[in-house]
Amino acid sequence: MKAVGATAIDAPVSGGTGGAAAGTLTFMVGGSSEEFEASKVILSKMGAKLVHCGGVGNGQVAKLCNNLLLGICMLGTSEAYALGIKLGADPALLATVINSSSGQNWSSEKYNPVPGVMPASAASRGYTGGFAAELMLKDLGLAKEAADNVKLALPLGHVAHAKYTMMKNSGEGGRDFSAIFESVMKNK
Numbered sequence: 040m041k042a043v044g045a046t047a048i049d050a051p052v053s054g055g056t057g058g059a060a061a062g063t064l065t066f067m068v069g070g071s072s073e074e075f076e077a078s079k080v081i082l083s084k085m086g087a088k089l090v091h092c093g094g095v096g097n098g099q100v101a102k103l104c105n106n107l108l109l110g111i112c113m114l115g116t117s118e119a120y121a122l123g124i125k126l127g128a129d130p131a132l133l134a135t136v137i138n139s140s141s142g143q144n145w146s147s148e149k150y151n152p153v154p155g156v157m158p159a160s161a162a163s164r165g166y167t168g169g170f171a172a173e174l175m176l177k178d179l180g181l182a183k184e185a186a187d188n189v190k191l192a193l194p195l196g197h198v199a200h201a202k203y204t205m206m207k208n209s210g211e212g213g214r215d216f217s218a219i220f221e222s223v224m225k226n227k
């Protein structure tokens, strides 16, 4: 590509549809330092945080690892809220405790899966919009494949993949990935 004056970077994003609308996306950029610096002019118009992750492909690695953790965290967050609700806790009060304690995480604080806890969340819009469960399943599958290639076990990743597979197989793959909360509440 250099022979024709072209360069390449990979620049996956994180921040969802809300981040895209607000211009607050995080770009995970893979490429040389020079290519990263040159890309800042364009990427900074769309995102608030630009992270140089190393050579070409490392942006995708960072995105893959981020979404693996996100899928696992959303499932764990959903289980914690389901348990609290089943034991009689008010979910909004539980959110206050979790979001100011050691259980704090993005899935609880910024994208709470319990309807009504966060009025702007996908959960409060009938799990519409946002990041489709089938896309989370795709990313979890890619993480499993990558882990298999380097002979790394991902037990929690496998559990999350199985739960999102069940969600997709039940016809709910187009709903926001936080709708996994409903299957946890139903003990599925």
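Throughout, my numbering is defined as the position within the sequence shown, counted from one, plus 39.
C-beta atoms are modelled at their ideal positions from N, C-alpha and C, and glycine is treated no differently.
Less than 7 Å separating the beta-carbons of Ala201 and Leu179? No. Outside cutoff.
Check whether the Cβ atoms of Pro158 and Ser217 sit closer than 7 Å, and answer yes or no. The Cβ atoms of Pro158 and Ser217 lie no closer than 7 Å to each other.
Check: Asn138 C-beta below 6 Å from any heavy atom of the ligand COA: Absence of the ligand COA is noted for the structure shown, with no ligands found whatsoever.
Counting C-beta neighbours from all protein chains within 10 Å, is the total for Asn106 16 or more, i.e. buried, or is it exposed? Buried, since its Cβ has 16 or more Cβ neighbours within 10 Å.
Check whether the stretch 117 to 125 touches the stretch 69 to 89, counting contact only when three or more Cβ pairs, one atom from each stretch, lie closer than 8 Å. In this structure the stretch 117 to 125 does not touch the stretch 69 to 89; the number of beta carbon pairs closer than 8 Å is below three.
Please identify the residue among Gly213, Leu133, Leu108 whose C-alpha is closest to the C-alpha of Gly169. Selected option, being the one with the closest Cα: Gly213.
So, for Pro13: in the same chain, excluding its five sequence neighbours on each side, which residues have a beta-carbon less than 8 Å away from its beta-carbon? For the chain, the structure presents residues 40 to 227; residue 13 sits outside this window and is missing.
Residues that DSSP places opposite Val91 in a beta bridge: Correcting the residue identity first, residue 91 is His in this sequence and not Val. DSSP, once it has assigned bridges, lists Val68 as partnering His91.
Grab me the residues of Gly93's own chain with a C-beta within less than 7 Å of its C-beta, minus the 5 sequence neighbours each way, in chain order. Correct list, in chain order: Gly69.
Since Gly212 is in the alpha helix (DSSP H), which residue starts that stretch and which ends it? Gly212 -> no alpha helix (DSSP H), and no H or E assigned at all.
Roughly how many whole angstroms lie between the Cα atoms of Cys104 and Ala182? If you draw a straight line from the Cα of Cys104 to the Cα of Ala182, it is about 7 Å long.
State the beta-bridge partners of Ala171 as determined by DSSP. In DSSP, Ala171 forms a bridge with Asp215.
Identify the residues that DSSP records as bridge partners of Gly86: which are they? Bridge partners of Gly86: Leu64.
Host alpha helix (DSSP H) of Ile48 (start-end): No alpha helix (DSSP H) contains Ile48, which DSSP labels as neither H nor E.
For Leu114 versus Gly123, is the C-beta spacing smaller than 7 Å? No Cβ-Cβ contact shorter than 7 Å links Leu114 with Gly123.
With DSSP as the reference, label Ala128 as helix, strand or coil. Ala128 carries a coil assignment under DSSP once its states are collapsed to helix, strand and coil.
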